[in-house]
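Chemist: I have a structure I would like to understand better, so I am pasting it below and will then ask my questions one at a time.
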Amino acid sequence: MIALRTVLAAMMIFAASAHASAETAQEIVAKADAIRNPDKPFRTTTVLTEYRSGQPADRNILYVYSKIDPATRQFRNLARYVDPPRDAGKMVLLGSVLWFYDPATKDSVRISPQQRLTGQAAIGDVLTANLAIDYTATLIGEETIEDAGRQQRKCWHLDMKAATQTATYNHIEYWVEEGSYDPVKAKFYADSGRLLKILYYRNFLERLGGLRPTQAVIIDAVDSSLVTLVDFSDSKFQDIPDVWFQRDYLPHLNAQ
Amino acid sequence: MMRKLAATLFGASLLWSAGSAQADDELDRIPQMAPPPAAPATDANQKIFLQNDVIGTVRRNDLVVAFPPPQPARWEERLFGDARMDWALGRDVRFVFSDRFNLRAEDGLDFPSHEDVRNDFREGYLAWAADSATFFDIGRINLKSGVALGFNPTDFFKTRAVVEPLSADPSVLREDRLGTFMLTGQHLWEHAALTVAAAPKLTDPSAIYLNTNLPSFNPMFDRTNASTRILVKGSVGLFEDFAPELLAFSNDGHWSYGANLTRGIGQQIVAYLEWAGGSSTDLADAALTYGKMTGTIPLAAPSLLPSDTTPSFHNDLAAGFSYTTESKITFNFEYHYHQAGFSDADWTHWFGAGALHNPAADAELWYIRGYAADQLEPTAREETFLRADWTDAFIEDLEITAFVNTDLRDFSSFAQATADYYVSREWTVGALTAASFGGKRTDYGSLPGAETFLIRVSRYF
């Protein structure tokens, strides 16, 4: 009986490793991308709540309109600030070229990828990025880790290096659950190798035609007191014309 | 051998426990009982706020060219309500309204008087989306063009549009700017855009307003629709990151042309160039012509500067770049060229004529510089502009902005620094200080205001 169990266990281990080797690292990342976001245009309300030393300190709400650019297969995002009221109506266009628009001044200012990171809209941008497009992944191995709810998850541990100019981070460590392809955890590193952020996905619920994470937890590795919760709600598929993703469209957007 | 193995195992266990402790530590930081996201408390299509500003100004007393009355106010108190609303009237029609209602008091202004109450009707227009890429707007519209920050040669509708600015920062100047009554049509393609705007003449040009004769309730179309203006502008993405915008602008049949170009360089730099050119006379002649036409300057008044009354082609240029650091500071550095601005000879004559202390001459000399300010154009021919914007400066929610304009002829400068602290989602407090530097016979050193201080409180709804 013990021998049979041993054989079965060995077969399961063999099956698991055969499954992993059949799947390339890039395919794993692509399947996790498909869990995070659909390939059809959609809009979502993104609520960013900053916690300082465990206490809610700040909140930003944005409407984000997302659509894949057929040329790059990467998402373009148009983010419109809703809250706080001092920023209401301001927009950030995050496509191949980045623009900031303020309806109070009717002024469009082109911004650099670095300047994008000074605003909260960049977080939404990073969370819709198709990582398989921007990064080259290598499978490090299998690991059982705790997710944000302290549940054990058996994951593929991937190492990803930036492969395009549009990649926001130079290097990412990524954990994707075996079998489900659910993204579980990621670590983001600066060019210098410094750990910047740790990200956990949680609250997997039915959204945009699939079981997808509805909350991302971003733990700041530089500022040890800061944690940001990013909640996605009111998500729906929406027809988004391509002209929305150019500077001259921005004054016409009336966000509903 | 065993000792080495034991040491290795111990080391490994230390590493494992350190890694585990690190994971525990990061998981401990996650708020497990996070409240569900609340519904948006504000409307992205409107912005309403109340603001109070208290301003103090230190005058410069030893001016080479005496400043004519009224002198700059030593103190000002401004309370205003500001609203911008964007209502959807149907699936394809919107109405946009933008207005600022001011209560003000200041040194030298009668109280109570109608001057204590002022309203700026900035925008009010109907917008119709004929289809997903074709748009028509009609009404009072603030149409802005240009890619530079400190000086926008292609922003053809900027002239006379800014009323009572509270800051000299070009990015703030545009916040209380009157729109022009116009009809616009625009069609967008995925990588191209074409815009046509036509603004009719509704009234005759008016004299430049002083701080003491601003109307209380008047849309002031004399500032924005005193001539017939047409703008045609188009942009096209020719190849990756190269999408020039070309402009043609007619002001009562006098055509000017312009171009805008931006380009990203790496992750941190955006370079930009803005050019406009057209036939005109120089600043001194344009100012005197306008002053005589509107009755401010006597028709028989002689020109005190060697102005050229024959129109010729003049170029305006703003070229620069922005650079953002990893510590959230964005720098903008620009070179400005305004060919119609004062030459060396103009400055020499300006100070020379002013040194004679003739009040009528002083009024004319300052009128020329006031005209340039009213047109939102520099008096100087060549300037540099350096601006820094630091988000989360020193502490979270503190934003510091500073800029300095330097006249390259005499290296006199105007500098301003602003600090805004976002106390909460509703409240912001801020402070501003500005000063002009330079010798008595320099561009900025000859200004009547030496230093300005401002504190403000804003409440957003």
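Read top to bottom, the protein sequences are chains H and Z.
Read the first sequence against our numbering and you will find it ends at 282, with the numbers running on by one and no gaps.
Read the second sequence against our numbering and you will find it ends at 547, with the numbers running on by one and no gaps.
Using N, Cα and C, we set each Cβ at its ideal position, and we do this for glycine too.
Where in the segment 292 to 316 of chain Z do unbroken runs of the beta strand (DSSP E), each at least 3 residues long, occur, reported from the N-terminal end onward?
Modeler: List check, beta strand (DSSP E) in window: nothing returned.
Chemist: Can you name the start and end residues of the beta strand (DSSP E) that residue 133(Z) belongs to?
Modeler: Position 47 of the second sequence, counted from the start, is the residue given in the question as residue 133(Z). Counting along the chain, the beta strand (DSSP E) containing residue 133(Z) begins and ends at 132 to 145.
Chemist: Quick check: the Cα distance between residue 214(H) and residue 162(H), rounded to an integer number of angstroms?
Modeler: For this step, residue 214(H) is matched to residue 188 along the first sequence. For this step, residue 162(H) is matched to residue 136 along the first sequence. Cα to Cα, the separation comes out at about 14 Å.
Chemist: Taking Cβ-Cβ distances shorter than 7 Å, what residues in chain H pair up with residue 356(Z)?
Modeler: In the second sequence, counting from the first residue as 1, residue 356(Z) sits at position 270. Neighbours of residue 356(Z) on chain H, chain order: 136, 137, 138.
Chemist: Around the C-beta of residue 340(Z), are 16 or more other C-beta atoms found within 10 angstroms, so that it is buried, or is it exposed?
Modeler: For the purposes of this step, residue 340(Z) is taken as the residue at position 254 of the second sequence. So residue 340(Z) ends up on the exposed side.
Chemist: If I measure Cβ to Cβ from residue 350(Z) and keep anything under 7 Å in the same chain, skipping five residues before and after, which residues do I get?
Modeler: Here residue 350(Z) corresponds to residue number 264 of the second sequence, with the count starting at 1. Taken in chain order, the residues that qualify are 327, 356.
Chemist: Indicate whether the contact test is met: 3 or more Cβ pairs, each with one atom in the segment 142 to 149 of chain Z and one in the segment 529 to 540 of chain Z, closer than 8 Å.
Modeler: With the cut-off at 8 Å, the segment 142 to 149 of chain Z and the segment 529 to 540 of chain Z touch.
Chemist: Between which residues of its own chain and residue 439(Z) is the CB-CB distance below 7 Å, once the five residues before and five after are set aside?
Modeler: Counted from its first residue, the second sequence places residue 439(Z) at position 353. If we look at residue 439(Z) and ignore the five residues flanking it on each side, its Cβ neighbours are 390, 447, 451.
Chemist: For chain H, check one thing: does any of its Cβ atoms lie closer than 8 Å to the Cβ of residue 39(Z)?
Modeler: Given that chain Z is displayed from residue 87 to residue 547, the structure contains no residue 39(Z) and the question cannot be resolved.
Chemist: Can you name the start and end residues of the alpha helix (DSSP H) that residue 139(H) belongs to?
Modeler: Here residue 139(H) is taken as the residue at index 113 of the first sequence, counted from 1. Looking at the DSSP string, the run of the alpha helix (DSSP H) that includes residue 139(H) is 139 to 142.
Chemist: If you drop the 5 nearest sequence neighbours on each side, which residues of the same chain put their C-beta closer than 7 Å to that of residue 197(Z)?
Modeler: Taking the second sequence and counting its residues from 1, the one referred to as residue 197(Z) is at position 111. So the list reads 191, once near-sequence residues are dropped.
Chemist: Taking the alpha-carbon positions, what's the residue 50(H) to residue 184(H) distance?
Modeler: To locate residue 50(H), count along the first sequence from 1; it is residue 24. To locate residue 184(H), count along the first sequence from 1; it is residue 158. Their Cα atoms are separated by approximately 11 Å.
Chemist: Tell me the DSSP secondary structure of residue 128(Z) in three-state form.
Modeler: Residue 128(Z) sits at position 42 when you count from the first residue of the second sequence. Correct three-state label for residue 128(Z): coil.
Chemist: Report the rounded CA-to-CA distance for residue 260(Z) versus residue 266(Z), giving the unit in angstroms.
Modeler: Here residue 260(Z) corresponds to residue number 174 of the second sequence, with the count starting at 1. Here residue 266(Z) corresponds to residue number 180 of the second sequence, with the count starting at 1. If you take the alpha carbons of residue 260(Z) and residue 266(Z), they lie about 13 Å apart.
Chemist: Please state the DSSP three-state secondary structure of residue 171(H).
Modeler: By 1-based counting over the first sequence, the position of residue 171(H) is 145. The answer is strand: DSSP assigns residue 171(H) an E or B state.
Chemist: Against residue 312(Z), what residues of chain C qualify as contacts under a CB-to-CB distance less than 9 Å, listed in chain order?
Modeler: As a matter of chain content, chain C is missing from the structure shown, whose protein chains are H and Z.
Chemist: When we look at the beta-carbon of residue 233(Z) and count the other beta-carbons within 10 Å, is it buried (16 or more) or exposed?
Modeler: Reading the second sequence from its first residue, position 147 is the one you call residue 233(Z). Under this definition residue 233(Z) is a buried residue.
Chemist: Spatial neighbours of residue 527(Z) within its chain, please: C-beta separation below 7 Å, excluding the five flanking residues on both sides.
Modeler: The sequence position of residue 527(Z) within the second sequence is 441, counting from 1. These residues qualify, in order along the chain: 150, 437.
Chemist: From which residue to which residue does the alpha helix (DSSP H) around residue 350(Z) run?
Modeler: Working through the second sequence from its first residue, we reach residue 350(Z) at position 264. First-last for residue 350(Z): 340 to 351, but that is the beta strand (DSSP E), not the alpha helix (DSSP H).
Chemist: I'd like to know whether the C-beta atoms of residue 242(H) and residue 231(H) end up nearer to each other than 8 Å.
Modeler: Indexing the first sequence from 1 puts residue 242(H) at position 216. Indexing the first sequence from 1 puts residue 231(H) at position 205. No, the pair does not count as a contact, with Cβ atoms beyond the cut-off.
Chemist: Is residue 277(Z) helix, strand or coil by DSSP?
Modeler: Here residue 277(Z) refers to the residue found at position 191 of the second sequence. In this structure, residue 277(Z) counts as coil in the three-state DSSP scheme.
Chemist: Taking the alpha-carbon positions, what's the residue 201(H) to residue 183(Z) distance?
Modeler: Counting from one through the first sequence, the residue named residue 201(H) turns up at place 175. Counting from one through the second sequence, the residue named residue 183(Z) turns up at place 97. When rounded, the distance between both Cα atoms is 50 Å.
Chemist: In or out: residue 428(Z) buried (at least 16 other Cβ within 10 Å) or exposed?
Modeler: Residue 428(Z) sits at position 342 when you count from the first residue of the second sequence. Buried.
Chemist: Assuming residue 55(H) is part of the beta strand (DSSP E), what are its boundary residues?
Modeler: The sequence position of residue 55(H) within the first sequence is 29, counting from 1. Not the beta strand (DSSP E): residue 55(H) falls in the alpha helix (DSSP H), residues 51 to 62.
Chemist: Roughly how far, in whole angstroms, is the beta-carbon of residue 168(H) from the beta-carbon of residue 204(H), given that I think they are within contact range, below 8 Å?
Modeler: Here residue 168(H) is taken as the residue at index 142 of the first sequence, counted from 1. Here residue 204(H) is taken as the residue at index 178 of the first sequence, counted from 1. Indeed, because the Cβ distance is near 7 Å, the residues count as touching under 8 Å.
Chemist: Verify the CB distance criterion: does residue 473(Z) have a CB-CB separation below 8 Å to chain H?
Modeler: For the purposes of this step, residue 473(Z) is taken as the residue at position 387 of the second sequence. Not one chain H Cβ lies under 8 Å of residue 473(Z).
Chemist: In the structure shown, what three-state DSSP assignment does residue 269(H) receive?
Modeler: What you label residue 269(H) is simply residue 243 of the first sequence in a count that begins at 1. Helix at residue 269(H).
Chemist: Less than 8 Å between the CB atoms is what I'm expecting for residue 278(Z) and residue 321(Z), so what's the real figure, rounded?
Modeler: In the second sequence, the residue the question calls residue 278(Z) occupies position 192. In the second sequence, the residue the question calls residue 321(Z) occupies position 235. About 6 Å separates the two Cβ atoms, so the contact holds.
Chemist: So, is residue 343(Z) buried or exposed, given that buried needs 16 or more other C-beta atoms within 10 angstroms?
Modeler: Position 257 of the second sequence, counted from the start, is the residue given in the question as residue 343(Z). That one is exposed.
Chemist: Between 101(H), 268(H), 123(H), 85(H), which lies nearest to residue 111(H) when the distance is taken from Cα to Cα?
Modeler: Here residue 111(H) refers to the residue found at position 85 of the first sequence. Checking every option, the nearest Cα to that of residue 111(H) belongs to 85(H).
Chemist: Relative to the C-alpha of residue 127(H), which candidate in 139(H), 140(H), 267(H), 104(H) has its C-alpha closest?
Modeler: Translated into positions along the first sequence, residue 127(H) becomes position 101. Taking only the C-alpha atoms, the option nearest residue 127(H) is 104(H).
Chemist: Name the residue from 323(Z), 388(Z), 135(Z), 456(Z) whose alpha carbon lies nearest to the alpha carbon of residue 153(Z).
Modeler: Counting from one through the second sequence, the residue named residue 153(Z) turns up at place 67. Nearest option by C-alpha distance: 456(Z).
Chemist: Grab me the residues of residue 454(Z)'s own chain with a C-beta within less than 6 Å of its C-beta, minus the 5 sequence neighbours each way, in chain order.
Modeler: Position 368 of the second sequence holds residue 454(Z). Closer than 6 Å at Cβ, skipping near neighbours: 370, 373.
Chemist: Using the C-alpha atoms, what's the distance from residue 267(H) back to residue 218(Z)?
Modeler: What you label residue 218(Z) is simply residue 132 of the second sequence in a count that begins at 1. What you label residue 267(H) is simply residue 241 of the first sequence in a count that begins at 1. Near 7 Å, if we compare the C-alpha coordinates of residue 267(H) and residue 218(Z).
Chemist: What are the residues in the segment 112 to 123 of chain H lying within 8 Å of chain Z by C-beta distance?
Modeler: Result list: 112, 114, 115, 122, 123.
Chemist: What residues from chain H crowd round residue 486(Z), counting only those whose CB sits closer than 8 Å?
Modeler: Here residue 486(Z) refers to the residue found at position 400 of the second sequence. In chain order: nothing, as chain H lies at least about 13 Å away.
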